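In terms of numbering that gives the first Met the number 0, the sequence shown has 12 at position 13, counting the first letter as 1, and numbering is strictly consecutive.
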Amino acid sequence: MPVEDEMRGRSVLLKQIQEARKIIERHQPKSLAVLGGDCLVSLVPFSWLSERYGDRLGVLWIDTHPDVQTPKQYTNAHAHVLGALLGHGDPDLTKAVTRPVPAKNVMIAGIHDPLPFEAQFIADHGLRTCSPQQVRDGAQPVMEWLKDSQIEVLAIHLDLDVLDPHNFRSLLFAKPGRGKHDFGDVAEGKLNIPDVLKLIQEVTTEKEVVGMTIAEHMPWDALNLQEMLKQLPLIGG
Numbered sequence: 000m001p002v003e004d005e006m007r008g009r010s011v012l013l014k015q016i017q018e019a020r021k022i023i024e025r026h027q028p029k030s031l032a033v034l035g036g037d038c039l040v041s042l043v044p045f046s047w048l049s050e051r052y053g054d055r056l057g058v059l060w061i062d063t064h065p066d067v068q069t070p071k072q073y074t075n076a077h078a079h080v081l082g083a084l085l086g087h088g089d090p091d092l093t094k095a096v097t098r099p100v101p102a103k104n105v106m107i108a109g110i111h112d113p114l115p116f117e118a119q120f121i122a123d124h125g126l127r128t129c130s131p132q133q134v135r136d137g138a139q140p141v142m143e144w145l146k147d148s149q150i151e152v153l154a155i156h157l158d159l160d161v162l163d164p165h166n167f168r169s170l171l172f173a174k175p176g177r178g179k180h181d182f183g184d185v186a187e188g189k190l191n192i193p194d195v196l197k198l199i200q201e202v203t204t205e206k207e208v209v210g211m212t213i214a215e216h217m218p219w220d221a222l223n224l225q226e227m228l229k230q231l232p233l234i235g236g
C-alpha cells in the first residue's frame with residue numbers, strides 16, 4: 000500500500016476503522032474478542048471498552064514493542080496504536096479514541112530494548128512495564144500494578160511477536176531465509192506460550208477480562224504451501 004501523508008495505507012486503514020466502529024456500535028457489546036490482523040485491530044475495540052468502562056478499564060499490552068510511535072518515526076500504523084489509545088500521535092487515529100485510556104491504567108509486559116523514542120515516551124508518561132524475565136519470574140510488576148490501581152476490568156492485547164521466533168514460527172520475525180538485519184534490528188520476542196498463558200491466568204484471578212486481542216499471526220509455512228499448491232498439476236489453477 001502507498002504511503003499517504005506519512006502513513007502507509009492511510010485511507011484504507013481509516014475506512015477499516017470506521018467500519019469496525021459501525022459493527023461494534025450495532026451490537027453494543029460488553030466484551031470483545033478480536034483474532035488476527037496487525038496490532039491496529041485493538042484500536043477501535045479498546046476505544047469502545049474505554050468509553051464503556053472509563054477509568055475502571057485497565058489495558059495489559061503483552062508485546063515486545065510498546066506501539067507508541069507516530070508516523071514521523073515509522074510509517075506503519077501498527078506501531079502507533081497504544082499511543083493513540085493514550086490520546087497521543089496521529090490525529091486520524093486519536094480521533095477514533097473518544098475517551099483516551101489513562102497512562103496509569105496501562106501495563107506493557109514482555110517489552111525489552113525499546114527504541115530511544117519509545118523509551119522516552121514510556122518515561123515521559125509514566126507507563127509501567129514488565130520485562131520478559133520478570134514475566135517468567137511471576138510478573139510481580141503486573142500484579143502490583145493491578146493492586147495499586149482502581150482497575151476493575153481488563154482489556155488484554157496479545158501481540159504474538161512477544162513470543163520467541165525460534166520456538167513459535169508463525170511470526171514476522173521467523174520469516175524463512177531472513178537476514179539478521181532484515182527487520183531493522185528492533186527487539187524480538189523472548190517469551191514462550193506457557194509464559195504468556197501463566198501471565199494471563201494470573202491476572203484473570205484478580206480482574207474480569209472484557210477485551211482480548213490476538214494480533215500479528217504470520218503463518219509462513221501455510222502461506223508458502225498455498226503458493227506451491229497453486230502451481231501443482233491437478234491441484235493448482
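Virtual Cβ for every residue (Gly too), placed ideally from N, Cα, C.
This structure is a prediction, so every number in the text was calculated from the model and none was measured.
Item to complete: Would you mind giving the Cβ-Cβ distance between R253 and E3, rounded to the nearest angstrom? I have them listed as a contact below 8 angstroms.
Response: Residue 253 lies beyond the stretch modelled for the chain, which goes from 0 to 236, so this question has no answer here.
Worksheet item: From V141 to L233, what does the alpha carbon distance come to, in whole angstroms?
Response: Taking the first residue of the sequence shown as position 1, residue 141 is located at position 142. Taking the first residue of the sequence shown as position 1, residue 233 is located at position 234. Answer to the nearest angstrom: the Cα atoms are 54 angstroms apart.
Fill in: Cα-Cα separation between I155 and P113, rounded to whole angstroms
Locating residue 155 in the sequence shown gives position 156, where the first residue counts as 1. Locating residue 113 in the sequence shown gives position 114, where the first residue counts as 1. Each residue's alpha carbon lies about 20 angstroms from the other.
Fill in: For T63, three-class secondary structure by DSSP
Counting from 1 along the sequence shown, the entry for residue 63 is found at position 64. Three-state result, T63: coil.
Worksheet item: How about I110 and H180: are their beta carbons less than 8 angstroms apart?
Response: For this step, residue 110 is matched to residue 111 along the sequence shown. For this step, residue 180 is matched to residue 181 along the sequence shown. Cβ distance not < 8 angstroms, so I110 and H180 don't count as in contact.
Fill in: 8 angstroms Cβ cutoff met for L157 and T204
Looking up residue 157 in the sequence shown gives position 158. Looking up residue 204 in the sequence shown gives position 205. It is not a contact, given that the beta carbons lie outside the stated cut-off.
Practice prompt. Specify the secondary structure class of D158 as computed by DSSP and reduced to three states.
Written response: The residue given as residue 158 occupies position 159 in the sequence shown. Strand, per DSSP.
Worksheet item: From this set, M217, G137, H216 and E215, which residue's C-alpha is nearest Q200's C-alpha?
Response: Within the sequence shown, the letter at position 201 stands for residue 200. Residue G137 is the option with its Cα nearest to Q200.
Worksheet item: From which residue to which residue does the alpha helix (DSSP H) around M227 run?
Response: Your numbering for residue 227 matches position 228 in the sequence shown. Start and end: W219 to K229.
Discussion item. Taking only three categories from DSSP, how would you classify V2?
Written reply: Here residue 2 is taken as the residue at index 3 of the sequence shown, counted from 1. Three-state DSSP puts V2 in a strand.
Worksheet item: Excluding sequence positions up to five away, which residues of its chain have a Cβ less than 6 angstroms from the Cβ of C38?
Response: Stepping through the sequence shown from its first residue, residue 38 is reached at position 39. Excluding residues within five positions, the ones whose Cβ falls inside 6 angstroms are D66, H77, V80, D158 and A214.
Practice prompt. Name the two residues that bound the continuous beta strand (DSSP E) containing R127.
Written response: Position 128 of the sequence shown, counted from the start, is the residue given in the question as residue 127. Residues R127 to C129.
Discussion item. Between which two residues does the alpha helix (DSSP H) holding G109 run?
Written reply: Along the sequence shown, one-based indexing puts residue 109 at 110. Looking at the DSSP string, G109 is not in any alpha helix (DSSP H), and its letter there is neither H nor E.
Worksheet item: V152 to A186, Cα distance in whole Å?
Response: Walking along the sequence shown from the start, residue 152 turns up at place 153. Walking along the sequence shown from the start, residue 186 turns up at place 187. The straight-line gap from Cα to Cα measures roughly 29 angstroms.
Item to complete: Report yes or no: do three or more beta-carbon pairs, one from the segment 21 to 35 and one from the segment 115 to 130, lie closer than 8 angstroms?
Response: no
Discussion item. Restricting to Cα atoms, I'd like to know which of Q132, R135 and S148 is closest to L126.
Written reply: Position 127 of the sequence shown, counting from 1, holds the residue named residue 126. The shortest Cα separation from L126 among Q132, R135 and S148 belongs to S148.
Worksheet item: Based on the DSSP secondary-structure assignment, which residues constitute the bridge partners of G210?
Response: Taking the sequence shown and counting its residues from 1, one reaches residue 210 at position 211. G210 is bridged to L31 and A154.
Discussion item. Quick check on the burial criterion: 16 or more other C-beta atoms within 10 angstroms. Buried or exposed for T97?
Written reply: For the purposes of this step, residue 97 is identified with residue 98 of the sequence shown, where counting begins at 1. Exposed, because fewer than 16 other Cβ atoms sit within 10 Å of the Cβ of T97.
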